[in-house]
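A.B. asks: Just passing along the structure, written as structure tokens.
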Amino acid sequence: MLRAPPAPAFHPWRFFRTGGLVQAKLQTAEDLLALRTLDEKLWVALSCPVKGLQLDERTLALIDTDRDGHIHVPEVLEAVEWAAARLKHPADLLKGAPALSIDAISDAGEDTRVLASSAREILKRLGKPDVTELSPDDFLKPERIFPSTTLNGDGVLAPSESDDAEIQALLKDIVACVGGEKDRSGTDGVTPEKAAAFFDQLTAYLEWVAKSAGKDIAVLGEHTAAACAAVAAVRNKIEDFFARCRLSAFDVRALAALNRQEAEYLALAAKDLDVTSQEIAAFPVARVTPDGPLPLLKGVNPAWAGALATLHRDAVTPVFGEEKQSLTAEEWQSLNARLSPYETWLGRKVGTCIEQIGVNRAREILAGDVRKRLEALFAADKKLQPECDAISSVERLVRYHRDLRSLLHNFVNFADFYSRDRWANFQAGKLYLDSRTCELCIQVDDPNVHAALATMSKAYVAYLDCHRGTDAMKIAACFTQGDSDYLFVGRNGLFYDRQGRDWHATITKIIENPISMREAFWAPYKKVIRTVEEQIAQRASAAETASVANLATATTKPAQSAPPRKLDLSSIIGLSVALGSIGTFLATVFTKFVDLPTWEWPLVVVLLMLTISLPSVLIAWMKLRQRNLGPILEANGWAINGRVKINIPFGTALTERVKLPPQARVASSDPYASGHPVRDRVIIYGILAIFAAALLLVARAERTWPFAPAVTEKAALSRALLKPIGNRPPAGKPAAPAKK
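Each residue of the sequence shown is one higher than the one before, counting from 10 in this note's numbering.
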């Protein structure tokens, strides 16, 4: 077997760091040949599924040699070494070229020379003798390369591969009896193993049939089979009848119950009767008596009349004579014993699948020499196996030449995922939703099962159902920039798959996590605003409900003179105290604020905002640092070895927010703007300025206001301590007395 050059004892591996993950570089042929020496702990992935990836499933099926639906490290190493041994320059595998030149195939050995000649033969069969390149698309129609009318060395014979009519008929019979397999041309055929199993079944079946010819088995001759079938059809019901008769002979009191109660007949009479109905069939086959025999033609249950008539014709008449119209328990046991050898033989039936072609056809096949001719055809097909296997190896090499580069850069490392000019194999497409595009979209089977593990990724994941005509699929989209204010279940978007097809997408499930630091900073204020809005809405709704109720009450009751309302002094006093407290608090705050130097005012505002937003930002920062792609892929069947982080800068690249094109201009006027926006802003800003000035004057007037309370010694001391150092009097000089 042709093998790749041995791996060097030592290879100077080079690594790169992207997104906080250290990954091995794959740039040269030496890197590929030394891949077996790379510690598996340094591979980013250890396993990936063969389904759901944006890579040719035919290529993945060729790599998946154990057919378990997953590709593991040893299978990747085997594929790389197999392809490297058949190319002049193994580094070509890292280019991912869409076509393989015949000149690129190695000519170092006989096997590779056969491979090159097979590639030329394929081009001839495709009608392209002047072309020197092959692509995977050339193998999409195998019937062009392996015509169904000629032997193709795959060990599978299709009826169309022989000109012999008897062999064609035999192959069809084999497929019908034991099943067939697809050959390289895509048609159903027969393998040597299937043919051997067919002839074994055929021989066993004819031997079993031959045993029935003896008089000790076919006791009634050609009528034996029909008699056994008639007895088997009513055996359980007749056994039940004679058991009831024996029980009634034991105690006559049970006779009425054994024949069913009158109430059961009354319930049955109330329905539309059908003699074959299940209710009637459940009754005894005939009327039970302590010593009476079983009637066969008269006085029987209508639901069983036909089966008993068949029993009389096919079994009772050949054994007891046509005049026998009833059976005793002893005669019934004698009839069963008479047919017992045939039933025993029938229960040992073998070669059941051969029944469909019949005994005569089975004997015809064994009597001729068609089996020898079939074996000769298998031998001729086997001689072509090396040449045809070489043709199949060409397809394998062409696919590896194109797809191994993509697999390695999504398995050994995740270079494609972290690059900005390539897509990873697990990225299904791009989602447009909420003025954003999400590139990290992964196809999933069951969102509920996937979400159980994807929650550990600390990413904001939205699951969407995508529909395109009658086609449907489910995806998981990661939002890594912006906010989640307008992301909710039921919102629609547009998804473009890797082939550029558009799908209607609808959010069905969301895993909530922080998306960005900006969202976390404003989250407390948004929560307060939402709470206030909800409270206002609730109170307004309650007030509206009460108003409607009062109005309804007023219209139904006669008008009455309302008693004069008394002035509630306690409410007025309480309201005044509350307003006074609020005013005092605001005045105190602004007093402290005014006492500060003007340049410190922005710092105080910033410090206050940081105090409010810092906890939310800190929690978001910790979760964004832990954001990891691994659980999202592992929920799809991957085995991820490293921590594939999605940090903040990389997350910003994966989700793009809306932005205007370069040199775009936006008109300042909006013909449908509500009111006068400029005037409204001036009024709002003016009100805020007046309110701030009023508070400032109140704070300033605290010392000069004639009605202000006297400043106590303790308050003066506190005020002095709160003043900046630059505003305090020099040491040794007493402070000026406070003005009253």
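Note that CB positions come from ideal geometry on N, CA and C, so glycine has one too. Predicted model, so just to flag it, every value in this text is computed and none were measured.
Check each candidate in Leu663, Ala644, Ile655 and name the one with the smallest Cα separation from Pro58.
C.D. replies: Along the sequence shown, one-based indexing puts residue 58 at 49. Considering only alpha carbons, the answer is Ala644.
A.B. asks: State yes or no: is the C-beta of Arg636 within less than 8 Å of the C-beta of Ile655?
C.D. replies: Indexing the sequence shown from 1 puts residue 636 at position 627. Indexing the sequence shown from 1 puts residue 655 at position 646. Cβ distance < 8 Å, so Arg636 and Ile655 count as in contact.
A.B. asks: So what does DSSP say about Lys723, is it helix, strand or coil?
C.D. replies: For the purposes of this step, residue 723 is taken as the residue at position 714 of the sequence shown. Note that Lys723 scores 46 on pLDDT, short of 50, meaning its location in the model is unreliable; the coordinates nonetheless yield the value given after this. Residue state, collapsed to three classes: helix.
A.B. asks: What is the residue span of the alpha helix (DSSP H) that Ile289 lies within?
C.D. replies: Taking the sequence shown and counting its residues from 1, one reaches residue 289 at position 280. First-last of the alpha helix (DSSP H) with Ile289: 287-290.
A.B. asks: In its own chain, which residues sit with a C-beta less than 6 Å from the C-beta of Gly301, not counting the 5 before and 5 after it?
C.D. replies: Residue mapping note: residue 301 aligns to position 292 of the sequence shown, counting from 1. So the list is empty, once near-sequence residues are dropped.
A.B. asks: On the three-state DSSP scale, how would you describe Lys181?
C.D. replies: Counting from one through the sequence shown, the residue named residue 181 turns up at place 172. Residue state, collapsed to three classes: helix.
A.B. asks: Mapping the DSSP letters down to three states, classify Tyr495 as helix, strand or coil.
C.D. replies: Taking the first residue of the sequence shown as position 1, residue 495 is located at position 486. Tyr495: coil per DSSP, three-state reduction.
A.B. asks: Is Gly61 helix, strand or coil by DSSP?
C.D. replies: Your numbering for residue 61 matches position 52 in the sequence shown. Note: Gly61 maps to coil in three-state DSSP.
A.B. asks: Report the partner residues of Ser56 according to the DSSP bridge assignment.
C.D. replies: The sequence position of residue 56 within the sequence shown is 47, counting from 1. DSSP lists His81, Ala648 as partners of Ser56.
A.B. asks: Tell me which residue opens and which closes the alpha helix (DSSP H) that His418 is part of.
C.D. replies: Counted from its first residue, the sequence shown places residue 418 at position 409. Run containing His418: none; DSSP gives neither H nor E here.
A.B. asks: Any chance the segment 137-150 sits against the segment 451-470, with 3 or more Cβ pairs inside 8 Å?
C.D. replies: No: the two stretches stay apart, fewer than three of their Cβ pairs being nearer than 8 Å.
A.B. asks: Leaving out five residues on either side along the sequence, give the residues of the same chain with a beta carbon under 6 Å from the beta carbon of Leu730.
C.D. replies: Locating residue 730 in the sequence shown gives position 721, where the first residue counts as 1. In this prediction, Leu730 scores a pLDDT of 47, lower than 50, which makes its location untrustworthy; the coordinate-derived value is nonetheless stated afterwards. Nothing listed; no residue qualifies.
A.B. asks: Going by C-alpha to C-alpha distance, which of Leu617, Asp172, Val675, Glu87 sits closest to Leu386?
C.D. replies: Within the sequence shown, numbered from 1, the residue matching residue 386 stands at position 377. Measuring from the Cα of Leu386, the nearest candidate turns out to be Asp172.
A.B. asks: Rounded to whole angstroms, what is the Cα-Cα separation between Ala70 and Arg76?
C.D. replies: The sequence position of residue 70 within the sequence shown is 61, counting from 1. The sequence position of residue 76 within the sequence shown is 67, counting from 1. Taking the straight line from one Cα to the other gives about 7 Å.
A.B. asks: Ordered along the chain, which non-local residues of its own chain (more than five positions away) have a Cβ less than 7 Å from that of Ala371?
C.D. replies: In the sequence shown, the residue the question calls residue 371 occupies position 362. Cβ neighbours of Ala371 beyond the five flanking positions: Leu211, Tyr214, Leu215, Ile363.
A.B. asks: Flag this pair as yes or no: are the beta carbons of Leu64 and Leu416 separated by less than 8 Å?
C.D. replies: Here residue 64 corresponds to residue number 55 of the sequence shown, with the count starting at 1. Here residue 416 corresponds to residue number 407 of the sequence shown, with the count starting at 1. For Leu64 and Leu416, yes; Cβs fall inside 8 Å.
A.B. asks: Please classify Tyr351: is it buried, with 16 or more other beta-carbons within 10 angstroms of its beta-carbon, or exposed?
C.D. replies: Translated into positions along the sequence shown, residue 351 becomes position 342. Burial call: buried.
A.B. asks: So, at 6 Å on beta carbons, what are the nonlocal neighbours of Asp112 in its own chain, with the 5 sequence-adjacent residues on each side left out?
C.D. replies: For the purposes of this step, residue 112 is taken as the residue at position 103 of the sequence shown. Nothing listed; no residue qualifies.
A.B. asks: Tell me the rounded alpha-carbon separation between Ala698 and Ala481.
C.D. replies: Walking along the sequence shown from the start, residue 698 turns up at place 689. Walking along the sequence shown from the start, residue 481 turns up at place 472. The straight-line gap from Cα to Cα measures roughly 58 Å.
A.B. asks: On the DSSP bridge assignment, give the partners of Gln452 in chain order.
C.D. replies: For this step, residue 452 is matched to residue 443 along the sequence shown. Paired residues: Ile484.
A.B. asks: Between which two residues does the beta strand (DSSP E) holding Cys447 run?
C.D. replies: To locate residue 447, count along the sequence shown from 1; it is residue 438. Run containing Cys447: 445-447, per the beta strand (DSSP E) assignment.
A.B. asks: Would Tyr472 and Ser493 be called neighbours here (beta carbons separated by less than 8 Å)?
C.D. replies: If you number the sequence shown from 1, residue 472 lands on position 463. If you number the sequence shown from 1, residue 493 lands on position 484. No. Outside cutoff.
A.B. asks: Rank Asp139, Pro395, Asp209, Pro168 by C-alpha distance to the C-alpha of Val187 and give the top, closest one.
C.D. replies: Numbered from its first residue, the sequence shown carries residue 187 at position 178. Ranking the options by Cα distance to Val187, first place goes to Asp209.
A.B. asks: Which residues in the same chain as Trp313 place their Cβ atom closer than 8 Å to its Cβ, once the five residues preceding and following it in sequence are excluded?
C.D. replies: What you label residue 313 is simply residue 304 of the sequence shown in a count that begins at 1. These residues qualify, in order along the chain: Val243, Lys246, Ala290, Val294.
A.B. asks: How would you label Ser678, buried or exposed, when you count the other beta carbons within 10 angstroms and need 16 or more for buried?
C.D. replies: What you label residue 678 is simply residue 669 of the sequence shown in a count that begins at 1. Ser678 comes out exposed.
A.B. asks: What would DSSP say about Leu305, mapped onto helix, strand or coil?
C.D. replies: As a working mapping, residue 305 is identified with position 296 in the sequence shown. Reduced to three states, the DSSP call for Leu305 is coil.
A.B. asks: For Ser727, which residues from the same chain have a beta carbon less than 8 Å from its beta carbon, with the 5 sequence-adjacent residues on both sides left out?
C.D. replies: To locate residue 727, count along the sequence shown from 1; it is residue 718. With a pLDDT of 47 at Ser727, under the threshold of 50, the modelled position of this residue cannot be trusted; read the value that follows with caution. Cβ neighbours of Ser727 beyond the five flanking positions: none.
A.B. asks: For the beta strand (DSSP E) containing Ile520, list its first residue and its last residue.
C.D. replies: The residue given as residue 520 occupies position 511 in the sequence shown. Counting along the chain, the beta strand (DSSP E) containing Ile520 begins and ends at 511-520.
A.B. asks: Going by DSSP, what residue range makes up the alpha helix (DSSP H) through Cys254?
C.D. replies: The count along the sequence shown starts at 1 and reaches residue 254 at position 245. Where Cys254 is concerned, the enclosing alpha helix (DSSP H) stretches over 233-259.
A.B. asks: For Asp474, which residues does DSSP report across the bridge?
C.D. replies: In the sequence shown, the residue the question calls residue 474 occupies position 465. According to DSSP, which records beta bridges pairwise, Asp474 is partnered with Lys483, Thr515.
A.B. asks: Using the C-alpha atoms, what's the distance from Pro533 back to Ala552?
C.D. replies: For the purposes of this step, residue 552 is taken as residue 543 along the sequence shown, with counting starting at 1. For the purposes of this step, residue 533 is taken as residue 524 along the sequence shown, with counting starting at 1. Rounded to whole angstroms, Ala552 to Pro533 spans 28 Å at the Cα level.
A.B. asks: Would Asp48 be called buried (16 or more neighbouring beta carbons within 10 Å of its own) or exposed?
C.D. replies: In the sequence shown, residue 48 corresponds to position 39, counting from 1. With fewer than 16 Cβ atoms within 10 Å of its Cβ, Asp48 is classed as exposed.
A.B. asks: Give the range of the alpha helix (DSSP H) segment to which Ala389 is assigned.
C.D. replies: For the purposes of this step, residue 389 is taken as the residue at position 380 of the sequence shown. Counting along the chain, the alpha helix (DSSP H) containing Ala389 begins and ends at 379-392.
A.B. asks: What is the DSSP secondary structure of Glu332, reduced to helix, strand or coil?
C.D. replies: Walking along the sequence shown from the start, residue 332 turns up at place 323. In the structure shown, Glu332 sits in coil (DSSP, three-state: anything other than H, G, I, E or B).
A.B. asks: Pull the bridge partners of Val199 from the DSSP assignment, please.
C.D. replies: The residue labelled residue 199 in the question sits at position 190 within the sequence shown. Beta-bridge pairing links Val199 to Leu166.
A.B. asks: How far does the alpha helix (DSSP H) with Arg153 in it reach, from first residue to last?
C.D. replies: Your numbering for residue 153 matches position 144 in the sequence shown. Its alpha helix (DSSP H) spans residues 151-154.
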